[in-house]
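Reading through the structure tokens given below for one structure.
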Amino acid sequence: MIASFDWQSRVFMTLQLHDTLQGKKVPFVPLKEGEVTMYLCGPTVYNYAHIGNARPAVVFDLLARLLRRSYKLTFARNITDVDDKINAASVETGKPIDEITARFITAYNDDMAALGVRPPDIEPRATQHVGEMVAMIKTLIDKGFAYEAEGHVLFDVSSDESYGTLSKRDLREMIAGSRVEVAPYKKAAHDFVLWKPSTPELPGWDSPWGRGRPGWHIECSAMAEKHLGTTIDIHAGGRDLVFPHHENEMAQSSCAHDGAPFARYWLHNGFLSMDQTKMSKSLGNVLLVHELIKTIPGEVIRLALLSAHYKQPLDWSDETLESARRMLDRLYGAVQGVEVSEADRAAADVPGDLIAALEDDLNSPRAMAAFFALAKELNKATDDRKRITLAAQMYASGDLLGLLANDPEEWFAGHATGDLASDDIEALIEKRNAAKAERDFETADIIRDQLMAAGITIQDGREGTTWRRGQG
Ligand code: AMP
Ligand code: ZN
Numbered sequence: 001m002i003a004s005f006d007w008q009s010r011v012f013m014t015l016q017l018h019d020t021l022q023g024k025k026v027p028f029v030p031l032k033e034g035e036v037t038m039y040l041c042g043p044t045v046y047n048y049a050h051i052g053n054a055r056p057a058v059v060f061d062l063l064a065r066l067l068r069r070s071y072k073l074t075f076a077r078n079i080t081d082v083d084d085k086i087n088a089a090s091v092e093t094g095k096p097i098d099e100i101t102a103r104f105i106t107a108y109n110d111d112m113a114a115l116g117v118r119p120p121d122i123e124p125r126a127t128q129h130v131g132e133m134v135a136m137i138k139t140l141i142d143k144g145f146a147y148e149a150e151g152h153v154l155f156d157v158s159s160d161e162s163y164g165t166l167s168k169r170d171l172r173e174m175i176a177g178s179r180v181e182v183a184p185y186k187k188a189a190h191d192f193v194l195w196k197p198s199t200p201e202l203p204g205w206d207s208p209w210g211r212g213r214p215g216w217h218i219e220c221s222a223m224a225e226k227h228l229g230t231t232i233d234i235h236a237g238g239r240d241l242v243f244p245h246h247e248n249e250m251a252q253s254s255c256a257h258d259g260a261p262f263a264r265y266w267l268h269n270g271f272l273s274m275d276q277t278k279m280s281k282s283l284g285n286v287l288l289v290h291e292l293i294k295t296i297p298g299e300v301i302r303l304a305l306l307s308a309h310y311k312q313p314l315d316w317s318d319e320t321l322e323s324a325r326r327m328l329d330r331l332y333g334a335v336q337g338v339e340v341s342e343a344d345r346a347a348a349d350v351p352g353d354l355i356a357a358l359e360d361d362l363n364s365p366r367a368m369a370a371f372f373a374l375a376k377e378l379n380k381a382t383d384d385r386k387r388i389t390l391a392a393q394m395y396a397s398g399d400l401l402g403l404l405a406n407d408p409e410e411w412f413a414g415h416a417t418g419d420l421a422s423d424d425i426e427a428l429i430e431k432r433n434a435a436k437a438e439r440d441f442e443t444a445d446i447i448r449d450q451l452m453a454a455g456i457t458i459q460d461g462r463e464g465t466t467w468r469r470g471q472g
């Protein structure tokens, strides 16, 4: 179990997570001591991921990094590579399905890597697990939880007493409130598809119910079972997946496994919005990670995504990015110029208050505050040894948060706050030195102020004038 000493409250802290099923924050205890299994619903690969889609990838990457400090973690993030939206994209573009999915799997992984998301341990693809899905569907039919009708297999929602407990929905209300036209082969409106027939031009697999393809929900249940076992510790995804996707996954898995719990902890991130409207492909108000990373450093986007607690809504704007960029300038500014050896780095650990913040249901804003407190301490420190120790702690913290992976010099040379390019800065410094040589101190001071306003610190020394981005 993760335990760290919190100096302020003087108690040992353990990891607490907010579980959607219990509706509250609870201490985290894995099924097997020392080991954790985690499953995150991954992308459906028919176009580029937007930053809303990146939010679960980034926040649960942070959770994975935290868990790996104390546990042997097995983390699976699937790829949905069979889906009606993929089929539609193939019809629209005239490109074969395999070409579309291969292209967007690569793009997704490249884009997430740019945001510091480490690859999961297992990245199962739906199309490679159809056998497992068919087997699970057969089990559900045999146990009386599913029925076949006109080439479809449907989950019989009324057979599962627990249905609705994750999303806190009452089944009778759902049925009474349903206005959806019920497909003739369904016994009840809320029965959902486990298997459906495919026409010859659509992807399909042979099955006891004819050639067809799986429903989306059974994909995750079958892949989680295959790679992580009957009961997994943590199941994560965005809030919009609670219903119907996760409710249905839970129904399928626990019914197939004689009532064994599917996931011990359900974690859901809040929505990312723009102008208070949820970012979504269907609304078209999306910012693609693929585009953003062409001009904005991945760490800036990552920090912006971690600037709010994962459960809270996050409204995205240019200001979100600008403030993240300024924060990174401050962090890089603190460690710039401090030589930290490999040995110093290896000996350093993350400060207790930062860990305690993350152990408190992944409170990333509080963790960032602790990170800044450390940077401030480093800025104030004058003793060389102390500066090295603090900088090493900053790098250890950066490693945990997925930040500070660049060399500070390169960071400031590449993408600092101010609009000034390095060449412009050098030219201004030359002009200032020329003014000083002519004893035109007024001009020299104006130039210094101009540089300061752009976030550039200059230092006059015997070897000439040096400069760096960041203040203080
Ligand atoms: P999708 O490809 O639409 O299935 O989404 C992939 C992941 O992104 C899921 O975990 C969704 O819940 C999540 N997601 C989609 N839109 C948003 C959003 N605007 N904010 C946060 N998470 C989102
Ligand atoms: Zn899923």
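The C-terminal position of the sequence shown is numbered 472 in my numbering, with every residue numbered one higher than the one before it. Glycine included, each C-beta is placed from N, C-alpha and C at the ideal position.
How far does the alpha helix (DSSP H) with residue i in it extend, from its first residue to its last?
i      : result
Phe412 : 408-414
Gly212 : Where Gly212 is concerned, there is no enclosing alpha helix (DSSP H), although the beta strand (DSSP E) it sits in stretches over 212-214.
Asp75  : A small correction: the amino acid at residue 75 is Phe; Asp does not occupy that position in the sequence shown. First-last for Phe75: 72-77, but that is the beta strand (DSSP E), not the alpha helix (DSSP H).
Glu249 : 247-256
Leu321 : 318-335
His290 : 289-292
Glu342 : 342-347
Lys473 : With the chain represented from 1 up to 472, any question about residue 473 goes unanswered, as that position is not in the structure.
Asp440 : It is not in any alpha helix (DSSP H) - Asp440 carries neither H nor E in the DSSP assignment.
Ala392 : 384-401
Val300 : 298-306
Comparing C-alpha positions only, which one of the options sits nearest to residue i?
i      : options                        : result
Pro244 : Ala334, Phe192, Leu404         : Phe192
Asp258 : Gly284, Thr231, Thr277         : Thr231
Ser323 : Met136, Leu303, Gln312         : Leu303
Leu314 : His18, Asp275, Asp142, Asp240  : Asp275
Met38  : Asp19, Glu150, Ile234, Glu148  : Ile234
Glu150 : Ile429, Thr465, Arg211, Glu291 : Arg211
Ala435 : Arg448, Asp423, Asp424         : Arg448
Glu410 : Arg469, Asp206, Thr44          : Arg469
Asp399 : Pro351, Val242, Gly333, Leu194 : Pro351
Gly237 : Ile458, Leu40, Gly455          : Leu40
Ala308 : Ser207, Ser162, Ala369         : Ala369
Pro474 : Leu171, His152, Phe60          : The question about residue 474 has no answer, for the chain in this structure spans 1 to 472.
Trp205 : Val130, Thr20, Glu247, Pro120  : Val130
Ser422 : Thr457, Gly116, Arg462         : Thr457
Val58  : Lys168, Lys278, Ala114, Gln459 : Ala114
Val157 : Ala146, Lys95, Arg118          : Ala146
Leu202 : Asp84, Gly164, Phe262, Ile429  : Asp84
Ala222 : Asn433, Asn78, Asp344, Lys186  : Asn78
Ile122 : Tyr332, Phe155, Ala224, Lys32  : Ala224
Ala375 : Ala367, Arg385, Thr382, Leu390 : Leu390
Pro56  : Arg326, Gln459, Ala347, Gln312 : Gln312
In the DSSP assignment, find the unbroken beta strand (DSSP E) run with residue i in it and report its ends.
i      : result
Ser273 : 272-274
His235 : 232-238
His129 : It is not in any beta strand (DSSP E) - His129 carries neither H nor E in the DSSP assignment.
Ala454 : Premise fails: Ala454 is in no beta strand (DSSP E) and is neither H nor E.
Arg264 : 263-269
Would you kindly check if the distance between the Cβ of residue j and the Cβ of residue i is under 9 Å?
i      : j      : result
Tyr265 : Val335 : no
Glu339 : Leu404 : no
Ser364 : Leu328 : no
Leu140 : Glu359 : no
Met112 : Val289 : yes
Phe372 : Gly52  : no
His227 : Thr320 : no
Ile86  : Thr106 : no
Ile218 : Met279 : no
Gln393 : Asp349 : yes
Leu21  : Thr165 : yes
Trp195 : Val134 : yes
Gly116 : Gly402 : yes
Tyr220 : Lys143 : Here the sequence assigns Cys to residue 220, which means Tyr is not the residue at that position. Their beta carbons are not under 9 Å apart, which means Cys220 does not touch Lys143 by this criterion.
Val36  : Pro30  : yes
Pro214 : Val82  : yes
May I ask you to list the residues that DSSP assigns as paired with residue i?
i      : result
Asp460 : Thr465
Ile122 : Ala76
Leu314 : Leu272
Met38  : Phe75, Ile234
Lys187 : Lys187 pairs with nothing; no bridge assigned.
Ala146 : Phe155
Thr277 : Met274
Asp19  : Lys24
Thr44  : Thr80
Ala360 : Here residue 360 is Asp; the residue named in the question, Ala, does not match the sequence. DSSP, once it has assigned bridges, lists Gln16 as partnering Asp360.
His50  : Leu288
For the ligand GTP, any of its heavy atoms closer than 8 Å to the Cβ of residue i?
i      : result
His268 : As far as ligands go, the structure on display features the ligand AMP and the ligand ZN and does not contain the ligand GTP.
Mind pulling the alpha helix (DSSP H) runs of 4 or more residues that sit fully within the region 191-230?
216-228
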